[in-house]
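Notes to accompany the following structure.
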Amino acid sequence: MNTSVKEISIQEFIKSKKQVLDNYLDQALLYSFDNEKYKENMQNDSGSASKLWAAMRYSSLNGGKRIRGILCLAAFEAISLNSPMPADDNSTNLDLNKVLPIAAGIEAIHAMSLIHDDLPCMDNDSLRRGKPTCHIAYDEATALLAGDALLVEGIALCLKTDLNPASKIRVIEELTASIGARGMTGGQMIDLEQTANEEASLEELEIMHSMKTGALLKASVVIGGIAAEANNEQIEALSEYAVKIGLAFQIADDILDQESNSELLGKTACKDLAQNKTTYPKLLGLTESKAKAKELVQEAKTALLKSNINFQPLFSLADYIVERQY
Ligand code: IPE
Ligand code: IPE
Ligand code: MG
Ligand code: MG
Ligand code: MG
Numbered sequence: 000m001n002t003s004v005k006e007i008s009i010q011e012f013i014k015s016k017k018q019v020l021d022n023y024l025d026q027a028l029l030y031s032f033d034n035e036k037y038k039e040n041m042q043n044d045s046g047s048a049s050k051l052w053a054a055m056r057y058s059s060l061n062g063g064k065r066i067r068g069i070l071c072l073a074a075f076e077a078i079s080l081n082s083p084m085p086a087d088d089n090s091t092n093l094d095l096n097k098v099l100p101i102a103a104g105i106e107a108i109h110a111m112s113l114i115h116d117d118l119p120c121m122d123n124d125s126l127r128r129g130k131p132t133c134h135i136a137y138d139e140a141t142a143l144l145a146g147d148a149l150l151v152e153g154i155a156l157c158l159k160t161d162l163n164p165a166s167k168i169r170v171i172e173e174l175t176a177s178i179g180a181r182g183m184t185g186g187q188m189i190d191l192e193q194t195a196n197e198e199a200s201l202e203e204l205e206i207m208h209s210m211k212t213g214a215l216l217k218a219s220v221v222i223g224g225i226a227a228e229a230n231n232e233q234i235e236a237l238s239e240y241a242v243k244i245g246l247a248f249q250i251a252d253d254i255l256d257q258e259s260n261s262e263l264l265g266k267t268a269c270k271d272l273a274q275n276k277t278t279y280p281k282l283l284g285l286t287e288s289k290a291k292a293k294e295l296v297q298e299a300k301t302a303l304l305k306s307n308i309n310f311q312p313l314f315s316l317a318d319y320i321v322e323r324q325y
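If you're matching positions, the sequence shown starts at 0 in numbering that gives the first Met the number 0 and goes up one per residue.
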């Protein structure tokens with residue numbers, strides 16, 4: 000092993016990956032048109048096409064923790080480098096063209112989910128990432144279409160990866176399963192049905208959280224593994240890790256909704272209470288919810304260690320998911 004390996008902190012790891020993702024998305028979501036008439040339209044800022052792109056950029060380049068993209072990049076590094084710590088000199092040798100378009104695509108898809116989650120017919124929220132939500136900054140129809148377009152552009156971005164065709168198909172299969180009716184969209188439907196349902200069980204809540212939030216988080220990690228040509232055992236371990244942190248992530252989101260404030264969160268605090276959402280704190284209380292999230296993080300780490308995936312950022316990211324302040 001190279002003795003000049005420079006260990007980096009998780010804050011630096013997150014910051015540098017976020018920067019790479021932000022830059023990539025900024026370039027990838029530029030207006031581009033082949034059609035001359037559209038081009039003309041684009042010159043005019045009030046053109047409908049430029050309004051759509053502006054709304055897409057407003058909601059996808061406006062901060063965000065980029066946790067899904069970062070997890071995807073971290074899983075890719077974990078398998079590619081197969082060493083406990085990322086090293087400046089090692090990671091520069093990685094073929095980022097295999098994974099970066101996918102990690103950025105996942106973030107575009109996540110941005111779609113937030114736009115739609117905030118719509119009046121869903122959670123009816125006015126604040127997201129510290130700014131007015133898309134339908135307030137623009138209008139409802141534009142927000143709906145910006146979400147649709149980000150979903151499709153996100154998948155198209157994933158297809159820009161340098162992976163071989165077979166791996167590409169695996170990536171798209173994993174991704175689409177995680178955001179469709181068996182994943183995020185299905186989970187959001189259950190969320191609406193469970194709102195103000197005083198009969199909801201813990202089991203139903205776990206299914207809902209695992210689908211609406213856990214599924215895309217899990218796909219992000221597993222896809223990072225696929226992009227790095229992980230073997231079956233490694234994919235299993237990454238998958239187990241990601242299922243645990245995916246659930247922990249939404250439990251933490253539920254806890255923050257109650258304990259934090261809108262300024263820090265960048266979104267309306269105490270929204271779940273106001274809408275009588277079925278959440279972990281509602282069913283278990285805050286103390287037990289925190290214990291549950293911590294337990295899941297431990298289980299996630301154990302899953303990695305069982306398969307000798309000993310990559311510090313994946314452990315630290317699991318901690319960060321429950322210890323974060325927003
Ligand atoms: C918020 O996700 C929506 C949930 C699934 C709980 P994030 O907390 O990752 O939101 P950003 O991307 O950092 O804004
Ligand atoms: C949103 O869950 C899940 C998705 C966007 C798929 P929440 O409704 O709890 O997310 P926030 O709290 O508005 O970010
Ligand atoms: Mg919601
Ligand atoms: Mg919401
Ligand atoms: Mg929430």
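Ideal Cβ placement from N, Cα and C applies to all residues, glycine included.
Computed from a prediction, not measured in an experiment: that's the story for all the values here.
Just checking D147 against ligand 5 - is the residue's beta carbon closer than 7 angstroms to any of the ligand's heavy atoms? no
Where does R67 sit, in a helix, a strand or coil, going by DSSP? Judged by DSSP in its simplified three-state form, R67 adopts helix.
Q. Heavy atom of ligand 2 less than 7 angstroms from the Cβ of M188, yes or no?
A. no
> Y319: which of K305, V296 and N307 sits nearest, CA to CA?
Replying inline: V296
Hey, is M121 close to ligand 3, as in C-beta under 7 angstroms from one of its heavy atoms? At least one heavy atom of ligand 3 is nearer than 7 angstroms to the Cβ of M121, so yes.
Just verifying my parser: in three-state terms, what is the DSSP assignment at N1?
Model confidence at N1 stands at a pLDDT of 36, short of 50, so the residue's coordinates are unreliable; what they give is reported in the following sentence. When DSSP states are grouped into helix, strand and coil, N1 belongs to the coil group.
At least three beta-carbon pairs within less than 8 angstroms, the region 12 to 27 to the region 64 to 71: yes
G224 and G129 - do their beta-carbons sit closer together than 8 angstroms? no
Exercise for review: In the DSSP assignment, find the unbroken alpha helix (DSSP H) run with S209 in it and report its ends.
Suggested key: Per DSSP, S209 belongs to no alpha helix (DSSP H) and is neither H nor E.
Neighbourhood of I222 by C-beta, 7 angstroms cutoff - its chain only, sequence neighbours within 5 removed | C71, I101, V170, E173 and L174
| query | chain D beta carbons: is any one of them nearer than 8 angstroms to that of I69? | reply | Within the model displayed, chain D is absent; a lone protein chain is all it includes.
- Query: Is E205 closer than 8 angstroms to L246 when the C-beta atoms are compared?
  - Reply: yes
*Which residue comes first and which comes last in the alpha helix (DSSP H) that contains A176?*
From DSSP, the alpha helix (DSSP H) with A176 extends over P164 to I178.
A273 versus L126: straight-line alpha-carbon distance, rounded:
15 angstroms
query = Quick one: is T2 buried, meaning 16 or more other Cβ sit within 10 Å of its Cβ, or exposed?
reply = Low per-residue confidence applies at T2: pLDDT is 31, beneath 50, and the placement is therefore not dependable enough to give any value.
Segments of 4+ residues assigned as alpha helix (DSSP H) that fall wholly inside the region 243 to 267: Within the region 243 to 267, the complete alpha helix (DSSP H) runs of at least 4 residues are 261 to 264.
Any heavy atom of ligand 3 closer than 7 angstroms to the Cβ of D116? yes
*For ligand 4, any of its heavy atoms closer than 7 angstroms to the Cβ of D318?*
For ligand 4, not one heavy atom lies less than 7 angstroms from the Cβ of D318.
When Y30, T286, E76 and H208 are compared against P312, the one with the closest alpha-carbon
E76
### Query
Relative to ligand 1, is the shortest distance from any of its heavy atoms to the C-beta of L113 smaller than 7 angstroms?
yes
Indicate, with yes or no, if ligand 4 has a heavy atom lying under 7 angstroms from the CB of D124. yes
How about the region 281 to 297 and the region 248 to 258: do they share at least three Cβ pairs that are nearer than 8 angstroms?
yes
Below 8 angstroms, can you find three or more Cβ-Cβ pairs linking the region 141 to 157 to the region 105 to 117? yes
Are I69 and I13 closer than 8 angstroms when you measure CB to CB? yes
Next on the checklist: Within a Cβ cutoff of 7 angstroms, which residues of the same chain sit near T301, ignoring the five residues on either side of it in sequence?
Outcome noted: none
_Tell me the DSSP secondary structure of P131 in three-state form._
strand
Using beta-carbon positions only, say whether N53 and A142 come within less than 8 angstroms of one another. Checking the sequence, you will find Ala at residue 53 rather than Asn. Contact flag unset, no.
Check your understanding: Any idea if P280 is buried or exposed, counting beta-carbon neighbours within 10 angstroms, 16 or more meaning buried?
Key -> buried
- If we call anything under 8 angstroms between Cβ atoms a contact, is K243 one with E298? When the beta-carbon positions are compared, K243 and E298 come within less than 8 angstroms of each other.
Which term fits E326, buried or exposed, when burial requires 16 or more other beta carbons within 10 angstroms of its beta carbon?
This structure leaves residue 326 out entirely; the chain is present only between 0 and 325.
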